[in-house]
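From first to last, the protein sequence lines stand for chains A and B. Everything in the first sequence is counted per our numbering, starting at 19 for the first residue and increasing by one. Everything in the second sequence is counted per our numbering, starting at 19 for the first residue and increasing by one. Structure record follows, encoded as structure tokens.
There are 2 protein chains.
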Amino acid sequence: MPPPLPLPPDDLGLFTDLYELTMAQAFYQQGMLAPATFSLFIRNYPPDRGYFVSAGLEDVLDYLENLRFSPASLDYLRSTGIFTDDLLQYLSKLRFTGSVRAIPEGRLFFANEPVLEVTAPIIEAQLSETFIINQMNFQVLLASKAARCCWAAPGRVISDFATRRTHGVDAALKMARCGYIAGFQSTSNVLAAQRYGIPPAGTMAHSFITSFPSESEAFRAYAAAFPGRTVLLLDTYDTIEGAWRAVPVAKELEAAGRRLLAVRLDSGDFADLSRRVRRILDEAGLEYVQILASGGLDEFELESLVKGGAPIDIFGVGTKVGVSADAPYSDMADKLVVYDGRPVMKLSPGKVSPPGAKQVFRLRDESGKFLRDIIAREDERLPGGERLLEPVMAGGRRTGPQPTLDEMRSRFQQDFQQLDDHHKRLRNPPRYPVVASPSLERLTLQVQDQIASAEQE
Amino acid sequence: MPPPLPLPPDDLGLFTDLYELTMAQAFYQQGMLAPATFSLFIRNYPPDRGYFVSAGLEDVLDYLENLRFSPASLDYLRSTGIFTDDLLQYLSKLRFTGSVRAIPEGRLFFANEPVLEVTAPIIEAQLSETFIINQMNFQVLLASKAARCCWAAPGRVISDFATRRTHGVDAALKMARCGYIAGFQSTSNVLAAQRYGIPPAGTMAHSFITSFPSESEAFRAYAAAFPGRTVLLLDTYDTIEGAWRAVPVAKELEAAGRRLLAVRLDSGDFADLSRRVRRILDEAGLEYVQILASGGLDEFELESLVKGGAPIDIFGVGTKVGVSADAPYSDMADKLVVYDGRPVMKLSPGKVSPPGAKQVFRLRDESGKFLRDIIAREDERLPGGERLLEPVMAGGRRTGPQPTLDEMRSRFQQDFQQLDDHHKRLRNPPRYPVVASPSLERLTLQVQDQIASAEQE
Chain A
19 MPPPLPLPPD DLGLFTDLYE LTMAQAFYQQ GMLAPATFSL FIRNYPPDRG
69 YFVSAGLEDV LDYLENLRFS PASLDYLRST GIFTDDLLQY LSKLRFTGSV
119 RAIPEGRLFF ANEPVLEVTA PIIEAQLSET FIINQMNFQV LLASKAARCC
169 WAAPGRVISD FATRRTHGVD AALKMARCGY IAGFQSTSNV LAAQRYGIPP
219 AGTMAHSFIT SFPSESEAFR AYAAAFPGRT VLLLDTYDTI EGAWRAVPVA
269 KELEAAGRRL LAVRLDSGDF ADLSRRVRRI LDEAGLEYVQ ILASGGLDEF
319 ELESLVKGGA PIDIFGVGTK VGVSADAPYS DMADKLVVYD GRPVMKLSPG
369 KVSPPGAKQV FRLRDESGKF LRDIIAREDE RLPGGERLLE PVMAGGRRTG
419 PQPTLDEMRS RFQQDFQQLD DHHKRLRNPP RYPVVASPSL ERLTLQVQDQ
469 IASAEQE
Chain B
19 MPPPLPLPPD DLGLFTDLYE LTMAQAFYQQ GMLAPATFSL FIRNYPPDRG
69 YFVSAGLEDV LDYLENLRFS PASLDYLRST GIFTDDLLQY LSKLRFTGSV
119 RAIPEGRLFF ANEPVLEVTA PIIEAQLSET FIINQMNFQV LLASKAARCC
169 WAAPGRVISD FATRRTHGVD AALKMARCGY IAGFQSTSNV LAAQRYGIPP
219 AGTMAHSFIT SFPSESEAFR AYAAAFPGRT VLLLDTYDTI EGAWRAVPVA
269 KELEAAGRRL LAVRLDSGDF ADLSRRVRRI LDEAGLEYVQ ILASGGLDEF
319 ELESLVKGGA PIDIFGVGTK VGVSADAPYS DMADKLVVYD GRPVMKLSPG
369 KVSPPGAKQV FRLRDESGKF LRDIIAREDE RLPGGERLLE PVMAGGRRTG
419 PQPTLDEMRS RFQQDFQQLD DHHKRLRNPP RYPVVASPSL ERLTLQVQDQ
469 IASAEQE
């Protein structure tokens, strides 16, 4: 049964919810092949969130450029007995031919704002919905979590150590990517470092220490292997004793014309231990040796350590960041807003959202600070407003070159500087002002009326 | 920069933390190539958890059988300037040659019990640690979450609808897999259905309804496409009005010799709506039409609905289950317990665990019910105790055929029946008794003493 590796094939056509395909069957039978627009947004902020960082778009565009159904996939679909031969024939030739507009990765956006809109023949748009939400939802969550960590620890270096706690292979790679977009310096994941061009980072595990007869022997063996980049892990047996044992190793490195880079704390009370270890190092003349802390850290812990003045230079964040532990999901939705030129919407309780393709305009004060955003109809003009959704795909092809991760990282830094600090608070931030344009509000009322009258059957 | 698809290559050698490779360099330089044993366990229960379901082993074995470093990976490692040519040469030939013992997938295990032990030359064992934790940690969490859902809704059908909220592609596939092991009936993810042989399930989205001028037209179009398997989504505009509109469509299906399978609620107060919809259906002579509910459901909500007698036949679970929202991470650790025949351990505060390779023995009463587990040294004998860790890999190859997902599902059912119900409680379950054998306790004290004396340098 299972495949040889825990990874899906290049053919991602089947990576979709069954209902996308059953709806495709019904659309096909009805001859409904007209263009549809789907709008992707997050309705509500997860707890303590005041902004979102756009992330995941490049993966969506890669997917759309490669969307297809292999013969094996078509055989599987045939074997279910659910689909007609003519639909399978249609799927065998299906490629994504539509267009995409999106808020570029790294930019800030807010609740209810469309971050991505797809316009394509309805079957293509509907089929791709599952993958689009799957990628955008969690990458936005991870990038936003990482942004909160960087905000909490200004001037400190943060590295992604989350691979072992993320939910699988894809999540580990994307955590590294999203962390870097939002300001992390490096990742422990070597595959992510290779694929995304992120600096790799790493020290040693407790197993390295315990594999030697004594901690001192382990320290010396590591320093011998990496005289230029040694970081010693102190807490395998006792952090303070570990610090005392690190001192002679650092002195031996000095004697060889090298320098111990850092020591690492991985358990215990970091506020207290970092001060005690700093004192031991300083009194030994090792002021240049940095202190790295890792283990159970998130933005709340970082803020508390940094505000408390803990002498920690580098933070390795893992578990709680890699799963966005306090907000592991959002209510991101991908709604049909136009079919065949007709604006549409649903009215489910608590799930009403305006119809029609949209644009988000951002207004700033004279210094560039964000004032508010306006969600408008796509074809509106709003003098002085910056259009956030940009065309990124047309006719199933990217409209421009792929941005580098460093460009996304710069975009984030630029946007983040212009957002008022109180929206960045880690607890209960006030809502950034987002309103609908009068024209969009009128359209919403109009469509609600049309739905009511259509059902007077 | 980024690769064409959001998936890693077949070559997973680089899917590891950098420190696994820097430690490999140091081990290599020290000539430390002796066998090591690593032991994988979860130290503490996440909130409200009283048991764990073993999951992820087949992915680990696939990985170990395929572990290698491609020329491109070696080129990347060389480009970092961190590694010596002779280590890269060693890595170019590296294959996993070790052995694995594990608690089979689907079986229950408890905190502090080793669920998997790897014995291999230390570099091979160390390198594979990252992937092993990455897969086992989240698959155990997802399988355990799914088991809780099934327990909360006895006799009801549960389907995995989580793909859009899981953390990426790998997580979506594994959610489907873990759900099925723990008793779900189906998955919405078509790729997972194909790969794992799980029944696919799906209905229709709100976008299907809104793409038609009226809800009734949408219902009829779907029924025309799938006369034998129609499920109508009721809440796009108003659930009760939707139910009234479903009745004539069901009657038309009856007239054509077919039956409406089910209706689906996706928002609102399910306890109330399910009763009102049930009444509408029953009064129309549609007692056979089932009710499916989806949207924000987890084990707590399922328990409340089922205990309250809500007439819901099928539950689609997504968001909160797919990320194990109340427990998105565990503290699973993979500890070096033996190097070169010498039992080892670390003493970090709160992180002490016994040294040496281990076996877990399970004791039962005369009816087969679990009484308690005993963590012992691997070579101990414990008459009447069932050995939970089984050899699954030797010399880098599986020792037996791959079990099917249905076999894992049966194992889970068998174990789960034998666990006392109070450990299955959704809130604050009491701890299942797990103790260390006297011989393991003696070894632990011995090794602690050795560490203390080794450091009297």
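Ideal Cβ placement from N, Cα and C applies to all residues, glycine included.
Let's see if you can read the secondary structure: which residues bound the beta strand (DSSP E) around residue i?
i, result
"serine 117 (chain B)", "117-120"
"glycine 260 (chain B)", "Taken as a continuous stretch (DSSP letters only), glycine 260 (chain B) belongs to no beta strand (DSSP E), being part of the alpha helix (DSSP H) at 257-273."
"glutamate 480 (chain A)", "Outside the displayed span of chain A (19 to 475) sits residue 480 (chain A), for which this structure offers no information."
"aspartate 178 (chain A)", "175-178"
"aspartate 390 (chain B)", "For the sequence presented, residue 390 (chain B) should be read as arginine rather than aspartate. First-last of the beta strand (DSSP E) with arginine 390 (chain B): 388-395."
"alanine 200 (chain A)", "Segment: none, alanine 200 (chain A) is in no beta strand (DSSP E) and carries neither H nor E."
"tyrosine 94 (chain A)", "It is not in any beta strand (DSSP E) - tyrosine 94 (chain A) instead sits in the alpha helix (DSSP H) that spans 89-97."
"glutamate 59 (chain B)", "The sequence given here has phenylalanine at residue 59 (chain B), not glutamate. Residues 53-60."
Within this structure, are the beta carbons of residue i and residue j separated by less than 9 Å?
i, j, result
"alanine 280 (chain B)", "valine 249 (chain B)", "yes"
"threonine 55 (chain B)", "alanine 412 (chain B)", "no"
"alanine 219 (chain B)", "leucine 278 (chain A)", "no"
"leucine 92 (chain B)", "leucine 109 (chain B)", "yes"
"leucine 310 (chain A)", "arginine 282 (chain A)", "yes"
"proline 64 (chain A)", "serine 348 (chain A)", "yes"
"proline 139 (chain A)", "proline 53 (chain A)", "yes"
"phenylalanine 320 (chain B)", "glutamate 135 (chain B)", "Per the sequence shown, residue 320 (chain B) should be read as leucine rather than phenylalanine. Result no, Cβ atoms of leucine 320 (chain B) and glutamate 135 (chain B) do not sit closer than 9 Å."
"histidine 224 (chain A)", "serine 146 (chain B)", "no"
"phenylalanine 434 (chain A)", "alanine 165 (chain A)", "yes"
"alanine 161 (chain B)", "glycine 215 (chain B)", "no"
"aspartate 391 (chain A)", "proline 451 (chain A)", "yes"
Given this structure, state the Cα-to-Cα distance separating residue i from residue j, to the nearest angstrom.
i, j, result
"arginine 460 (chain A)", "leucine 252 (chain B)", "26 Å"
"phenylalanine 128 (chain A)", "glycine 68 (chain A)", "8 Å"
"isoleucine 151 (chain B)", "threonine 337 (chain A)", "12 Å"
"glutamine 436 (chain A)", "phenylalanine 388 (chain A)", "6 Å"
"methionine 154 (chain A)", "aspartate 29 (chain B)", "26 Å"
"glutamate 396 (chain B)", "glutamine 377 (chain B)", "5 Å"
"proline 26 (chain A)", "aspartate 188 (chain A)", "Low confidence applies to proline 26 (chain A): its pLDDT is 45, below 50, so where it sits in the model is not reliable, and the reading given next is rough at best. When rounded, the distance between both Cα atoms is 10 Å."
"phenylalanine 268 (chain B)", "threonine 98 (chain A)", "Sequence check: residue 268 (chain B) is alanine here, not phenylalanine. Each residue's Cα considered, the two are about 24 Å apart."
"methionine 50 (chain B)", "phenylalanine 244 (chain A)", "16 Å"
"alanine 90 (chain A)", "leucine 209 (chain B)", "11 Å"
"glutamine 144 (chain A)", "asparagine 84 (chain A)", "16 Å"
"leucine 23 (chain B)", "leucine 112 (chain B)", "With a pLDDT of only 38 at leucine 23 (chain B), under the threshold of 50, the placement of this residue in the model should not be trusted, and no figure is reported."
"serine 428 (chain A)", "proline 329 (chain A)", "28 Å"
"alanine 472 (chain A)", "serine 342 (chain A)", "43 Å"
"glutamate 270 (chain B)", "leucine 159 (chain B)", "45 Å"
"asparagine 130 (chain A)", "alanine 120 (chain A)", "14 Å"
"valine 410 (chain A)", "valine 118 (chain A)", "6 Å"
"valine 78 (chain A)", "glycine 414 (chain A)", "12 Å"
"proline 421 (chain A)", "alanine 194 (chain B)", "34 Å"
May I ask which residues mark the beginning and end of the alpha helix (DSSP H) holding residue i?
i, result
"alanine 239 (chain A)", "233-243"
"serine 292 (chain B)", "288-301"
"lysine 338 (chain B)", "337-340"
"tyrosine 46 (chain B)", "36-47"
"valine 158 (chain A)", "140-170"
"alanine 280 (chain B)", "From DSSP, alanine 280 (chain B) is part of no alpha helix (DSSP H) but of the beta strand (DSSP E) over 280-283."
"serine 110 (chain A)", "103-111"
"lysine 325 (chain A)", "317-325"
Closer than 8 Å is the cut-off here; do at least three beta carbon pairs connect the stretch 222-236 of chain B with the stretch 58-75 of chain A? No, the stretch 222-236 of chain B does not touch the stretch 58-75 of chain A.
Does the stretch 166-180 of chain B come close enough to the stretch 352-364 of chain B that 3 or more CB-CB pairs lie under 8 Å? Short answer: they don't touch.
Check each residue of the stretch 204-216 of chain A: if its Cβ is closer than 7 Å to any Cβ of chain B, include it; give the result in chain order. In summary, the residues of the stretch 204-216 of chain A whose CB is separated from some CB of chain B by less than 7 Å are Ser206, Asn207, Val208, Leu209, Gln212, Arg213, Tyr214 and Gly215, in the order they occur in the chain.
Indicate whether the contact test is met: 3 or more Cβ pairs, each with one atom in the stretch 253-272 of chain A and one in the stretch 66-80 of chain B, closer than 8 Å. The count of Cβ pairs closer than 8 Å, one atom from the stretch 253-272 of chain A and one from the stretch 66-80 of chain B, stays below three, leaving the stretches out of contact.
Selection of the stretch 255-271 of chain B by Cβ proximity to chain A, strictly under 9 Å: For chain A, the residues of the stretch 255-271 of chain B that bring a beta carbon within less than 9 Å of one of its beta carbons are Tyr255, Asp256, Thr257, Glu259 and Arg263, in chain order.
Relative to chain B, which residues along the stretch 152-169 of chain A have a C-beta separation below 9 Å, given in chain order? Within the stretch 152-169 of chain A, the residues whose Cβ lies closer than 9 Å to any Cβ of chain B are, in chain order, Asn152, Gln153, Asn155, Phe156, Gln157, Leu159 and Leu160.
Taking any Cβ of chain B, which residues in the stretch 165-199 of chain A have a Cβ under 7 Å from it, in chain order? Within the stretch 165-199 of chain A, Thr181, Arg182, Arg183, Thr184, His185, Gly186, Val187, Asp188, Ala189, Ala190, Leu191 and Lys192 place their CB atoms closer than 7 Å to a CB of chain B, listed in sequence order.
For the stretch 84-112 of chain B, which residues have a beta carbon sitting closer than 8 Å to at least one beta carbon of chain A? Against chain A - using a Cβ distance shorter than 8 Å - the residues of the stretch 84-112 of chain B are Asn84, Ser91, Tyr94, Leu95, Thr98 and Ile100.
Output needed in chain order: residues of the stretch 275-287 of chain A with a Cβ under 8 Å from some Cβ in chain B. Going along the stretch 275-287 of chain A in chain order, one finds Asp284, Ser285 and Gly286 with a Cβ nearer than 8 Å to chain B.
Members of the stretch 354-379 of chain A near chain B, C-beta cut-off 7 Å: Interface annotation for the stretch 354-379 of chain A against chain B: Leu354, Tyr357, Val362, Met363, Lys364, Leu365, Ser366, Pro367, Gly368 and Lys369, criterion Cβ-Cβ distance under 7 Å.
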